[in-house]
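*Asks:* Below is the structure I would like to discuss, written out as structure tokens.
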Ligand SMILES: [Zn+2]
Ligand SMILES: [Zn+2]
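Residue numbers (the working numbering): 579 to 909.
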């Protein structure tokens, strides 16, 4: 997969060791090839590590208290402790950290399915950062089609593996969703799939031009495994097996456009902020009005890394923001 997030790698940025890694004892998240590199990375890692350690201790206290009162409903301070632990983990920018944050998110959703703290808005961008686009789609769809008060679990297996290429109309409640980050994630998800398919189309055209034949299924799957940003095509031999991808791409271009416009209608500042992320990327979200500039701070906390870590997608979306359409030079 073609992802920008480091995963199973020594936390010292310049070290590329991926084997026999040891976990940092304080945060339990960062990995190192040995004590030497842990020491060398100490200054950079210290702040985020300390924050995770602190939130983990708080969580332990909450769990001890909850253990004594096991028959009572989860307290809001317990949910809050998980929320802080999730945000703290996200300060460390590795796959392991996002994985840990995702586990906190699902614990919160299990403890409080009505999700008044808005955890669900964080989940799809985290899945996307891990290259788990199919899981991101399943989650968004679950949210969009489940009835309010539905007591099915968040991981409804009946829905898992749904067709990412199906028409947007399936997502009946999409427009009513409170969390704009869910829809922004759908733009990224559909765009990554669109770009992956454009890559396959380019592979096809090249094979025709150079060898006078279509690429084999093996060649195409090789491309998906190595170069794709999304995991969706890995389980879609029906799509990868096609001789031509133009009409699937065309469908996705339409879907991206619709979702893009919808985000623009809900918050006119967000796409402009993607062009100039600096003031938003590190801002502390405050209480905000939907559609306001302050909402962009929150949306950036939820979504920004999922975009910034996917180089081809950020380039394409910026072209699209400037030109108002999916640019032809990506085709
Ligand atoms: Zn650490
Ligand atoms: Zn190392």
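No residue lacks a Cβ here, since even glycine has one placed at the ideal position from N, Cα and C.
Taking 8 Å as the cut-off, decide whether the C-beta atoms of residue 716 and residue 740 are in contact.
*Replies:* In this structure, residue 716 lies near residue 740, with their beta-carbon atoms less than 8 Å apart.
*Asks:* Using the C-alpha atoms, what's the distance from residue 698 back to residue 689?
*Replies:* For residue 689 and residue 698, the gap between their C-alpha atoms comes out near 13 Å.
*Asks:* Can you tell me whether DSSP reads residue 858 as helix, strand or coil?
*Replies:* In the structure shown, residue 858 falls within a helical segment according to DSSP collapsed to helix, strand and coil.
*Asks:* Just checking, does the stretch 805-820 make contact with the stretch 868-875 on the three C-beta pairs under 8 Å criterion?
*Replies:* no
*Asks:* Where in the stretch 767-827 do unbroken runs of the alpha helix (DSSP H), each at least 4 residues long, occur, reported from the N-terminal end onward?
*Replies:* 795-805, 815-818
*Asks:* I think residue 742 touches residue 712, with their Cβ atoms under 8 Å apart; what is that distance to the nearest whole Å?
*Replies:* 7 Å
*Asks:* Could you check what DSSP says for residue 710 in three-state terms: helix, strand or coil?
*Replies:* If DSSP states are grouped into helix, strand and coil, residue 710 belongs with coil.
*Asks:* Could you have a look at residue 700 and say whether DSSP puts it in helix, strand or coil?
*Replies:* coil
*Asks:* Determine which residues share a DSSP beta bridge with residue 610 and list them.
*Replies:* 600
*Asks:* Cβ atoms of residue 762 and residue 877: under 8 Å apart, would you say?
*Replies:* yes
*Asks:* Hey, is the stretch 651-664 in contact with the stretch 599-606, meaning 3+ C-beta pairs nearer than 8 Å?
*Replies:* no
*Asks:* Report the three-state DSSP secondary structure of residue 671 (helix, strand or coil).
*Replies:* The three-state secondary structure of residue 671, taken from DSSP, is coil.
*Asks:* Three or more C-beta pairs under 8 Å: does that hold for the stretch 845-865 against the stretch 814-822?
*Replies:* no
*Asks:* From residue 786 to residue 811, what distance separates their C-alpha atoms?
*Replies:* 22 Å
*Asks:* Restricting to Cα atoms, I'd like to know which of 902, 794, 605 is closest to residue 678.
*Replies:* The candidate whose alpha carbon is nearest that of residue 678 is 605.
*Asks:* I'd like the ranges of any alpha helix (DSSP H) spanning at least 4 consecutive residues and lying wholly in the stretch 873-907.
*Replies:* 889-901, all fully within the stretch 873-907.
*Asks:* Assuming residue 887 and residue 707 are in contact, meaning their beta carbons sit under 8 Å apart, how far apart are those beta carbons, in whole angstroms?
*Replies:* Sure, about 6 Å apart at Cβ, within 8 Å.
*Asks:* Would you kindly report the start and end of the unbroken alpha helix (DSSP H) that includes residue 851?
*Replies:* 848-853
*Asks:* Name the residue from 884, 902, 667 whose alpha carbon lies nearest to the alpha carbon of residue 526.
*Replies:* No answer is possible for residue 526: the residues shown for the chain start at 579 and end at 909.
*Asks:* Determine, using beta-carbon pairs with one atom in the stretch 777-784 and one in the stretch 837-845, whether at least three such pairs fall under 8 Å.
*Replies:* No, because fewer than three Cβ pairs between the stretch 777-784 and the stretch 837-845 fall closer than 8 Å, the two stretches do not touch.
*Asks:* Looking at the structure shown, is residue 639 part of a helix, part of a strand, or coil, going by DSSP?
*Replies:* Three-state result, residue 639: helix.
*Asks:* To the nearest angstrom, how far is it from the Cα of residue 879 to the Cα of residue 765?
*Replies:* Taking the straight line joining both Cα atoms gives about 17 Å.
*Asks:* Identify whether residue 757 lies in helix, strand or coil by the three-state DSSP scheme.
*Replies:* coil
*Asks:* Near residue 649, which residues of its chain fall below 6 Å by C-beta distance, leaving aside the five closest residues on each side in sequence?
*Replies:* With a pLDDT of 49 at residue 649, under the threshold of 50, the modelled position of that residue is not reliable, and the figure given next carries that caveat. Result list for residue 649: empty, nothing under 6 Å.
*Asks:* Is residue 583 near ligand 2, in the sense that its beta carbon is under 7 Å from a heavy atom of that ligand?
*Replies:* no
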